[in-house]
Amino acid sequence: MPASNTRFGSSPSVAKCKSITLTAKCGEPVIMPVVALGLWKVPADAAFSAVTSALDGGYRHLDCAPVYRNQAIVGAAITAYLTEHAETLSRRDLFITSKVFPSPTNMHDNFENDVRNTLRELDLKYLDLCLIHWPFEYEESSLEDMWMAMEDLVKNGLVKAIGVSNFSSTKLKRILEIAEIPVSVNQVEMHAMFRQEALVNFCNNNGVHVTAYGPLGSGDQWASDGLGRKCAAEERLLSHPETLRVAKSAGCTPAQALIAWIVHHRMCSCAPKSVNPSRQAENIAAGSRDFVNNNKILGLLSTLDKVEPQVRLQHGAFHTGPPESGKCFRTLEELWDEDVSYMLDRDFERPEGFMLRPSQ
Numbered sequence: 001m002p003a004s005n006t007r008f009g010s011s012p013s014v015a016k017c018k019s020i021t022l023t024a025k026c027g028e029p030v031i032m033p034v035v036a037l038g039l040w041k042v043p044a045d046a047a048f049s050a051v052t053s054a055l056d057g058g059y060r061h062l063d064c065a066p067v068y069r070n071q072a073i074v075g076a077a078i079t080a081y082l083t084e085h086a087e088t089l090s091r092r093d094l095f096i097t098s099k100v101f102p103s104p105t106n107m108h109d110n111f112e113n114d115v116r117n118t119l120r121e122l123d124l125k126y127l128d129l130c131l132i133h134w135p136f137e138y139e140e141s142s143l144e145d146m147w148m149a150m151e152d153l154v155k156n157g158l159v160k161a162i163g164v165s166n167f168s169s170t171k172l173k174r175i176l177e178i179a180e181i182p183v184s185v186n187q188v189e190m191h192a193m194f195r196q197e198a199l200v201n202f203c204n205n206n207g208v209h210v211t212a213y214g215p216l217g218s219g220d221q222w223a224s225d226g227l228g229r230k231c232a233a234e235e236r237l238l239s240h241p242e243t244l245r246v247a248k249s250a251g252c253t254p255a256q257a258l259i260a261w262i263v264h265h266r267m268c269s270c271a272p273k274s275v276n277p278s279r280q281a282e283n284i285a286a287g288s289r290d291f292v293n294n295n296k297i298l299g300l301l302s303t304l305d306k307v308e309p310q311v312r313l314q315h316g317a318f319h320t321g322p323p324e325s326g327k328c329f330r331t332l333e334e335l336w337d338e339d340v341s342y343m344l345d346r347d348f349e350r351p352e353g354f355m356l357r358p359s360q
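Each residue of the sequence shown is one higher than the one before, starting from 1 at the first, in our numbering.
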């Protein structure tokens with residue numbers, strides 16, 4: 001069983017989360033804790049307490065974005081916490097990730113303006129990691145143009161490392177071919193019900209670390225953004241029979257089994273969302289090196305490689321539409337550069353004029 005003193009805790013010294021080293025400008029190492037507090041879908045009125053309890057529980061990595069609409073509250077919580085714990089904790093002990101959201105004119109100066117706005121909201125002088133949130137491409141700004149604008153953020157001292165989010169291997173390859181500063185991270189949906197083997201292998205082979213969002217299999221199942229999204233699967237990963245079996249055998253919670261599978265078996269990082277202090281403590285404990293203390297547990301985790309079905313829960317249909325919609329992608333196939341037949345006959349929102357693939 002996982003050591004009992006790594007499962008729960010309320011002080012910053014309890015949870016010692018595993019970290020990995022990212023390659024940034026000129027080979028400078030950037031140390032990133034592998035379990036972040038995911039702030040997607042955390043309501044603004046819950047963000048302050050969620051960040052405070054997470055920092056109390058040992059979290060040192062916060063995953064933010066302007067479109068989450070809670071960054072100012074997150075920043076207030078960070079400032080208050082660092083002020084209260086000034087003798088034992090400083091800014092350099094934290095790892096803060098945020099993102100830029102592409103638009104037709106959102107490159108170079110606009111990317112810099114957006115990051116400066118994020119820094120004002122978070123009350124910080126720099127980001128540890130900044131990601132292009134979605135691979136949106138416009139006539140006025142290609143993916144390659146956007147990456148050069150990202151590199152300027154590093155050169156201007158606003159961020160330490162840069163990466164992407166929701167990029168397929170096809171789109172990521174274009175960036176890798178022109179990048180002067182390494183692509184440190186590709187943050188994508190990844191969990192036992194959507195393992196993304198081909199993409200993870202591509203990233204590993206090209207020195208790009210993978211961070212999993214939705215690691216517990218929530219995706220759009222728990223949408224609270226008012227967009228009326230529906231889940232793309234009836235199945236729930238947290239209550240999947242294989243998840244429950246592994247958790248029982250390993251002596252941990254289902255969420256811990258899924259996080260440990262990502263961190264210790266897949267060797268990726270993750271950003272689970274929780275506003276509950278006890279669940280936060282459980283989640284970060286699963287990222288501890290002590291959590292997986294024998295080969296039996298690693299063997300149990302490997303059985304999650306067999307979970308079926310495999311389906312993308314953050315399906316992205318909201319970002320598709322006919323030309324007149326202004327959306328960058330006509331079909332899901334265009335967005336993800338993959339065979340999307342697994343989405344056929346599944347119940348999820350379909351914007352007017354939406355298609356899974358051109359032949360539909």
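Think of the CB as a built atom: it goes at the ideal place given N, C-alpha and C, for glycine as much as any other residue.
With 16 or more neighbouring CB atoms inside 10 Å of its own CB, E282 falls in the buried class.
DSSP lists no beta-bridge partner residue for C203. If you keep only unbroken alpha helix (DSSP H) runs of at least 4 residues inside the region 52-95, you get 71-84. Given a length threshold of 4 residues, each whole run of the alpha helix (DSSP H) inside the region 104-168 is given here in chain order: 109-122 and 143-155. Counting along the chain, the unbroken beta strand (DSSP E) around V30 starts and ends at P29 to P33. In terms of Cβ geometry, A271 and A36 form a close pair [threshold 7 Å]. Within the same chain, Cβ atoms closer than 7 Å to the Cβ of E180 are found at E151, the five residues on either side in sequence being excluded. Relative to V159, the option among T118, T170, L199 and L176 whose CA is nearest is T118. A straight line joining the alpha-carbon of I262 with that of P277 spans about 21 Å. In the DSSP assignment, T23 falls within the beta strand (DSSP E) that extends over S19 to T23. Per DSSP, reduced to three states, the secondary structure at G38 is strand. With fewer than 16 other Cβ atoms inside 10 Å of its own Cβ, L344 counts as exposed. Linking I178 to V185 through their CA atoms gives a straight-line distance of about 16 Å. Assigned with DSSP and collapsed to three states, M193 falls in coil, not helix or strand.
DSSP places H240 outside both helix and strand once states are collapsed to three, so it counts as coil. A straight line joining the alpha-carbon of D145 with that of L300 spans about 44 Å. The DSSP-derived three-state label of H315 is coil.
CA-to-CA, the gap between R330 and P104 works out to about 17 Å. With fewer than three CB-CB distances shorter than 8 Å, the region 297-317 does not count as touching the region 64-79. In this structure, DSSP gives M343 a helical state, which the three-state scheme calls helix. Counting only the Cα atoms, K125 lies some 17 Å from L131.
One alpha carbon belongs to P182, the other to T211, and they sit about 16 Å apart.
Taken atom to atom, the span from the alpha-carbon of G57 to that of Q280 is near 7 Å.
For A212, the enclosing beta strand (DSSP E) starts and ends at H209 to Y213. Cβ-Cβ distances below 7 Å link L237 to H191, A192, M193, L216, G217, T243 and L258 in the same chain, with the five nearest sequence neighbours on each side left out; the list follows chain order. Note on geometry: alpha-carbon atoms of R346 and L356 lie some 11 Å from one another.
Comparing alpha carbon positions, the residue from L127, F111, P102 and R92 closest to Q71 is L127.
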